[in-house]
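S.K.: Protein sequences appear in the order of chains A and B. With my numbering, the residue at position 163 of the first sequence is 163, and numbering never jumps. With my numbering, the residue at position 23 of the second sequence is 23, and numbering never jumps. For every residue, glycine included, the Cβ atom is placed at its ideal position computed from N, Cα and C.
Protein chains: 2
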Amino acid sequence: MPKNKRPQEREAKRGEIVASARALFMERGFEATPMSAIARSAGVTPNTIYWYFSDKDDLLITVLDELLVESWAAYRGQTASDDVDQLVWVVDGFRDLHLLISEIHARVEVSPALAAWHDRFHAASEGLLADELTARGVPEASLGPTVKIAVFVIEGLVTHGLEPAQARTILETLVAGMPSA
Amino acid sequence: MPKNKRPQEREAKRGEIVASARALFMERGFEATPMSAIARSAGVTPNTIYWYFSDKDDLLITVLDELLVESWAAYRGQTASDDVDQLVWVVDGFRDLHLLISEIHARVEVSPALAAWHDRFHAASEGLLADELTARGVPEASLGPTVKIAVFVIEGLVTHGLEPAQARTILETLVAGMPSA
DNA sequence: CGGGTTCTTGACTGCCGTTCAAGATAGGCT
DNA sequence: AGCCTATCTTGAACGGCAGTCAAGAACCCG
């Protein structure tokens, strides 16, 4: 195309690739989705994807960033009544990402770029949770460990696919055991 | 070989394959270990492995069973002073398995055999932990959720590779928040 | 010393992520 | 108008992977 191809068209095609990848990654998982399937779904040859993304991990990270931005927006617009309700809401939101979440944790050991994304994600969400728990009266001293525990429980609930009812009970027990001022 | 080849030799070769697989799986992880590397390390052609094991997952499950038996024996022989010490001991034992543990959770979604193993493992270890916590005074009513929380925290600590000191602090906070009689 | 089971292997298939070099496209410049 | 060149697309190919297959080697039992 032209020297300065209108970035509109470029971004449109790029966006289609990301959308296809996102849908397939969420539905079948990362490893189970070949580049060829993403390409087919986006109406493109596999090679074309490599013009827009350096490799499959790069595409995954782009998808994850997109999901992250949307989740963040949804979180801001969420009506958090109870403490437990808030955690339940988070777990519910992650539920259809459980395939990806498990695979991310496995791939972190093999893809430095993904490891960096994972670290950023944890830092951000733990910071958010820390604010929330501080406001709820968790003392500064035990804040760090309490945040980690909550994060690990959330991850466990999601990756092990526990039923909503059971997840709620567990989160209630978790909150009941949190240190308070 | 013979009709009834002395099972000694057969088991010896099978054992060598398992030992090689175990070492490589633990060192590099499951996905990063090709069958060819296991074969080379065992002094065998890749095809030979398929005489003893139906596929790579079958070999993995054999390795995991072996590790499980040894862990169980070590657990029985362990001197559990404190509550926290006990959990710290468990986390320490799992530490060099963190590659495998992450990969198991991802592969559970794709390999029914591995999923079955994972379920059995959780049932067994949660049963064990339930006994332990009951003896420590956790009331029957909140036993289930408390066990799940502990398991998820242990898995989180292992897969995220937290430093021993940090892990201990987190486990202390966890135990402090457990319901008591 | 044959025969049939147990074991081993070389050759192969199909799929994967990724690379490469050739081609198509179309604005900017003269 | 017509070339230049950067941008984009693709067919073909590579190397590595898990797993299959059919031919062969090994060796106890009759």
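Return the chain-ordered list of same chain residues with a C-beta closer than 7 Å to the C-beta of THR134 (chain A), the five sequence neighbours on each side being excluded.
M.R.: LEU143
S.K.: Applying the 10 Å Cβ sphere with the 16-neighbour rule, what's the burial state of SER36 (chain A)?
M.R.: exposed
S.K.: Give me, in chain order, the residues of the same chain whose beta-carbon lies closer than 7 Å to that of GLY161 (chain B); leave out the 5 immediate sequence neighbours on both sides.
M.R.: HIS98
S.K.: Give a yes or no on whether the C-beta atoms belonging to ILE170 (chain B) and VAL153 (chain A) are separated by under 8 Å.
M.R.: no
S.K.: Using a Cβ-Cβ cutoff of less than 8 Å, which residues in the same chain neighbour PRO2 (chain B) once the five nearest sequence positions on both sides are dropped?
M.R.: With a pLDDT of 45 at PRO2 (chain B), under the threshold of 50, the predicted position of this residue should be treated as unreliable, though the coordinate-derived value follows. Counting only Cβ-Cβ distances below 8 Å, and skipping sequence neighbours, we find nothing.
S.K.: Would you say the segment 18–26 of chain A touches the segment 37–49 of chain A, given that touching needs at least three Cβ pairs under 8 Å?
M.R.: yes
S.K.: Count the other CB atoms, across all protein chains shown, that sit within 10 Å of the CB of PRO34 (chain B); report buried if there are 16 or more and exposed otherwise.
M.R.: exposed
S.K.: What did DSSP end up calling SER54 (chain A) once you bin it into helix, strand or coil?
M.R.: coil
S.K.: Could you tell me which of B:VAL18, B:THR146, B:GLY127 sits nearest to VAL175 (chain A), measuring between CA atoms?
M.R.: B:THR146
S.K.: Taking Cβ to Cβ, would you say VAL158 (chain B) is nearer than 8 Å to LEU129 (chain B)?
M.R.: no
S.K.: Taking GLU31 (chain A) as the reference, which of A:GLY93, A:GLU140, A:GLU103, A:PRO164 has the closest Cα?
M.R.: A:GLU103
S.K.: Using a C-beta cutoff of 8 Å, does SER180 (chain A) count as contacting chain B?
M.R.: For SER180 (chain A), the answer is no, since every Cβ of chain B falls outside 8 Å of its Cβ.
S.K.: Over what stretch of residues does the alpha helix (DSSP H) that includes ALA123 (chain B) continue unbroken?
M.R.: 112–135
S.K.: In the segment 42–104 of chain A, which residue ranges form an unbroken alpha helix (DSSP H) of at least 4 residues, counting only runs that do not cross its ends?
M.R.: 46–52, 56–76, 83–94
S.K.: Between the segment 128–153 of chain A and chain B, which residues of the former have CB atoms less than 9 Å from a CB of the latter, in chain order?
M.R.: SER142, GLY144, PRO145, THR146, LYS148, ILE149, VAL151, PHE152, VAL153
S.K.: Compute the Euclidean distance between the alpha carbons of ALA200 (chain A) and LEU60 (chain B), then round it to the nearest angstrom.
M.R.: Any answer about residue 200 (chain A) is impossible in this case: the structure gives chain A only from 1 up to 181.
S.K.: Classify GLU70 (chain A): buried if its beta carbon has 16 or more other beta carbons within 10 angstroms, exposed otherwise.
M.R.: exposed
S.K.: For VAL110 (chain A), return the contacting residues in chain B, with the cut-off set at a CB-CB distance below 8 Å.
M.R.: GLY29, GLU31, ALA32
S.K.: For the segment 135–165 of chain A, which segments carrying the alpha helix (DSSP H) assignment without a break, of at least 4 residues, lie completely within its bounds, in sequence order?
M.R.: Counting only runs of 4 or more residues that sit fully inside the segment 135–165 of chain A, the alpha helix (DSSP H) segments are 143–159, in chain order.
S.K.: I need the DSSP call for MET35 (chain A), collapsed to helix, strand or coil.
M.R.: helix
S.K.: For GLN96 (chain A), collect the residues of the same chain with a Cβ closer than 7 Å to its Cβ; drop the 5 residues on either side in sequence, then sort them by chain order.
M.R.: According to the sequence displayed, residue 96 (chain A) carries Asp and not Gln. Excluding sequence neighbours, ASP96 (chain A) sits near MET26.
S.K.: What does the alpha-carbon distance come out to for the pair LEU259 (chain A) and GLU109 (chain B)?
M.R.: Here chain A covers residues 1 to 181 and nothing more, so residue 259 (chain A) does not appear.
S.K.: Report all residues from its chain with a CB closer than 8 Å to the CB of VAL88 (chain B); omit the five preceding and five following residues, and keep chain order.
M.R.: PRO164, ALA167, ARG168, LEU171
S.K.: Along chain A, which residues have their Cβ under 7 Å away from the Cβ of ILE170 (chain B)?
M.R.: Going along chain A in sequence order, the residues near ILE170 (chain B) (Cβ under 7 Å) are PRO145, LYS148, ILE149.
S.K.: Report yes or no: is there a C-beta of chain A within less than 8 Å of the C-beta of GLY93 (chain B)?
M.R.: no
S.K.: Below 8 Å on the Cβ atoms is my guess for GLY177 (chain A) versus PRO139 (chain B); work out the distance and round it to an integer in Å.
M.R.: Not confirmed; about 13 Å, so no contact.
S.K.: How is MET178 (chain A) classed by DSSP in three states: helix, strand or coil?
M.R.: coil
S.K.: Taking 7 Å as the cut-off, does the CB of VAL153 (chain B) come closer than this to any heavy atom belonging to the ligand NAD?
M.R.: Absent from the structure shown: the ligand NAD. Ligands present: none.
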